[in-house]
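Per our numbering, residue 6 is the first one in the sequence shown, and the count goes up by one each step.
Yeah, the Cβ is synthetic: ideal placement off N, Cα and C, and Gly gets one too.
Some notes on the structure that comes next.
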Amino acid sequence: MKALVIGSGGREHAIVEALSRSPQVEKIYCAPGNAGITSMAECVGIGVTDVEALADFAEKEGIDLTVVGPEAALAAGVVNVFNSRGLKIFGPTKEAARIESSKEYAKQVMDRYGVPTAGYRSFDNYEEALEYVKAGKIPTVIKYDGLAAGKGVVVAMSFEEADAALKDMLLDSSFGKGRVVIEDFLEGPEFSFMCLVSGDKVYPLELAQDHKRAYDGDKGPNTGGMGAYSPVPFIGEDIKDRALREIMIPVAKGLVSEGNPFTGILYGGLILTEDGPKVIEFNARFGDPETEVVLPRLKSDIYALFEAALKGEDFDIEWHKDAVLGVVLASKGYPGSYEKGAVIKGLEDVDTSVYHMGTAKKDGEILTSGGRVLMVTGKGATLEEAHAAAMKSLEKIDCPALFHRTDIGKAAIK
Ligand code: AMP
Ligand code: GLY
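Okay, structure coming up:
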């Protein structure tokens, strides 16, 4: 079989790696891919939102299955276009993907199907939003209602911070013209629950935990994710089952009832509150960096899983017992502005899996080319061992332009 993966980050690197382990897959393409992915797939220079060109390529090369990585491709309607041209693709339509691309739609779906989440209101007017914040409690959470690469969320610890976020999003339109959702602040440990969904059938993947803040001790601005690990020892099977029953299944069934059935990975960003698991956000795709710690644990043939999901057939998912932990190396300045083009040395000495998130190759050297640059992982019988393996690899990588958190997995490791 020939597979095409759309995207250029660590998530796509991990999807390509998982596909390369499938005995059925003979050739993998990645559009546009990155410097790390070139070792496992043929990278083709088509952008993720250039959906007609992607479909032309899939048709011309006789691609058997395309897998979508990033939300931008989904929002651009890549699945709709492939479907209309009779090309097989794993991912939700643009309409179903609104569960991620519109925070307000996600909230409406949760309301309609009784899914536990934070109370909220949405606004497009700055003065009205400010009045609502004044009348409510601090901390409060302000979210831009649209795609903002994980950066459109401000957990405001003071009124001034909330006001600044509202000004930024509604008056200065930093992410574009749009609305904001203002939510009650929830407390508890967060975890990422990805499920393979095929209409009303929901198959849970192993849990992971992401670290969203830029700096140690969960300080600093929100990012796309600075590190992750799987499994998550403090979330028991009982909680996972409850999250499946109360959150993931009702949403999948709800989307079917709405006329927007979902096929793909439904990602629940959940928080374990005193009242049980609640939703922080949904994504309509594999999480990044969660995918880099979850897919290496997958024992089943991922190609067969994607195929079965597309056909609506039942299947079991098998897992390895190993734990995986990964640390993101990001460009200094991320998630704000940063420089590109720094040389990364020492990669050839690393013997654990390193997923490229934002790299480029020039004259035989690997250069930084994004905010999040590499995800360095370790594997082991326990999270402690996985952590030690990741640390050992991290020490070998030499690039002064990068920084990383030193406390990934700390909460789970005794
Ligand atoms: P999101 O992009 O919606 O996942 O939000 C990014 C991060 O902001 C989450 O991982 C949480 O740490 C935090 N956050 C978002 N919504 C809330 C909330 N209602 N209560 C507490 N923290 C939140
Ligand atoms: N790591 C969170 C996300 O993929 O949005």
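Classified as buried, L210 has 16 or more neighbouring CB atoms from the shown chains inside 10 Å of its CB. G52 has its Cβ no nearer than 7 Å to any heavy atom of ligand 1.
Counting C-beta atoms within 10 angstroms of its own C-beta, T364 has 16 or more neighbours from the protein chains shown and is therefore classed as buried.
With a threshold of 7 Å, the Cβ atom of D61 does not count as near ligand 2, since no heavy atom of the ligand is closer than that.
Bounds of the alpha helix (DSSP H) holding R16 are G15 to S25. Between T71 and I11 the beta-carbon gap is near 7 Å, inside 8 Å, which marks them as a contact. At least 8 Å separates the beta-carbon of L399 from that of H392. Here M231 is not near A248, since their CB atoms are 8 Å or more apart.
In the three-state reduction of the DSSP assignment, V84 falls in the helix class, which pools H, G and I. Secondary structure note for H361: its beta strand (DSSP E) is the uninterrupted segment V359 to H361. If the five residues before and after F196 are omitted, its C-beta is found closer than 6 Å to the C-beta atoms of L212, Q214, V237, I240 and L275, all from its own chain and listed in chain order. In the DSSP assignment, I270 falls within the beta strand (DSSP E) that extends over T268 to T278.
Here V86 has V56 and A60 as same chain residues with Cβ atoms under 6 Å from its own Cβ, once five neighbours each way along the sequence are excluded. As computed with DSSP, D189 is found in a beta bridge with T145. Within the model, the alpha-carbon separation for D412 versus A394 is close to 14 Å.
Excluding residues up to 5 positions away in sequence, V261 and P266 lie with their Cβ nearer than 6 Å to the Cβ of G204 in the same chain. Fewer than three pairs of CB atoms, one per stretch, sit closer than 8 Å, so the segment 321 to 328 makes no contact with the segment 342 to 356. Membership of F164 in any beta strand (DSSP E) is not indicated; the residue belongs instead to the alpha helix (DSSP H) covering F164 to L171. For C404 and P294, the gap between their C-alpha atoms comes out near 20 Å. Across the structure, E297 and E132 are spaced so that their CA atoms are roughly 42 Å apart. Beta-bridge pairing by DSSP links E251 to no other residue. Distance from the Cα of R103 is smallest, within the candidate group A80, Y118 and V160, for A80. V159 has its alpha-carbon roughly 27 Å from the corresponding atom of V299. Taking each of D177, E64, M253 and H18 in turn and checking the Cα distance to V202, the smallest one comes out for M253.
Comparing alpha carbon positions, the residue from S13, K112 and G41 closest to T54 is S13. Comparing alpha carbon positions, the residue from G269, S358 and F311 closest to E22 is S358. Around E76, the same chain offers A102, E105, S106, L152, N288, A289 and R290 as residues with beta carbons nearer than 8 Å, after the five sequence neighbours per side are excluded.
Counted as a single uninterrupted DSSP element, the stretch harbouring L303 is not any alpha helix (DSSP H), since DSSP gives it neither H nor E.
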